[in-house]
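Next comes the structure, spelled out in structure tokens:
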């Protein structure tokens, strides 16, 4: 478990399924996702991918939990992806709409990147759509710099890399 002053970050548990599937089916939560809001079956599959991916690889997207309320408000983590034919590790985060604007994404991602650097995972990229200014702001706060543009799942994205 990763801990910050306001948050816990931990792998998803089987007991998180009901609440998190609802989030994956929510249009606002899944904004800026190539798939958009998922249907029930897709959400169940994605939740299973999150749980099994972490168990298999010892990294992946993990739950962001507010200490004060013990509520899951989203996820943050790294997953393998391919950009322009190059295998990469991608930082991703997603928050419930009601939890945006409080600095949680930056706090969670900063703690996660610190944790991953201790595991020698330093070459992490991120990408976001050009219209997702809040995510661009988070990446800048984390020290990421734009290094290109690409297409990911038929979406135009800006590519970012952490300044070393």
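In the working numbering, the protein residues as written are 299 to 462. Positions of the beta carbon are idealized from the N, C-alpha and C atoms, including for glycine. No experiment lies behind these values; they were computed from the predicted model shown.
Return the CA-CA distance between residue i and residue j, expressed in angstroms with no decimal places.
i: residue 436; j: residue 404; result: 6 Å
i: residue 345; j: residue 446; result: 31 Å
i: residue 360; j: residue 332; result: 19 Å
i: residue 338; j: residue 426; result: 25 Å
i: residue 350; j: residue 362; result: 17 Å
i: residue 396; j: residue 385; result: 34 Å
i: residue 420; j: residue 413; result: 10 Å
i: residue 458; j: residue 442; result: 6 Å
i: residue 325; j: residue 415; result: 33 Å
i: residue 454; j: residue 328; result: 17 Å
i: residue 408; j: residue 389; result: 11 Å
i: residue 448; j: residue 406; result: 26 Å
i: residue 450; j: residue 401; result: 26 Å
i: residue 438; j: residue 315; result: 32 Å
i: residue 299; j: residue 310; result: 11 Å
i: residue 374; j: residue 302; result: 13 Å
i: residue 393; j: residue 383; result: 29 Å
i: residue 452; j: residue 378; result: 18 Å
i: residue 456; j: residue 369; result: 31 Å
i: residue 417; j: residue 352; result: 15 Å
i: residue 381; j: residue 334; result: 20 Å
i: residue 312; j: residue 343; result: 13 Å
i: residue 355; j: residue 424; result: 19 Å
How about residue i and residue j: do their beta carbons lie closer than 8 Å?
i: residue 376; j: residue 387; result: yes
i: residue 428; j: residue 398; result: no
i: residue 307; j: residue 410; result: yes
i: residue 320; j: residue 364; result: no
i: residue 460; j: residue 422; result: yes
i: residue 336; j: residue 322; result: yes
i: residue 330; j: residue 430; result: yes
Below 7 Å, is the gap between the Cβ of residue i and the nearest heavy atom of the ligand NAD?
i: residue 384; result: The ligand NAD is absent from the structure shown, which contains no ligand whatsoever.
Who does residue i pair with in a DSSP beta bridge?
i: residue 457; result: 425, 446
i: residue 307; result: 300, 362
Contained alpha helix (DSSP H) runs [length at least 4] in the region 368-434, N- to C-terminal order | Annotation: the region 368-434 contains the following complete segments of the alpha helix (DSSP H) (minimum length 4 residues), in chain order: 402-415.
List in chain order: all unbroken alpha helix (DSSP H) runs of 4+ residues lying wholly within the region 311-358.
-> Correct list: 315-322, 338-355.
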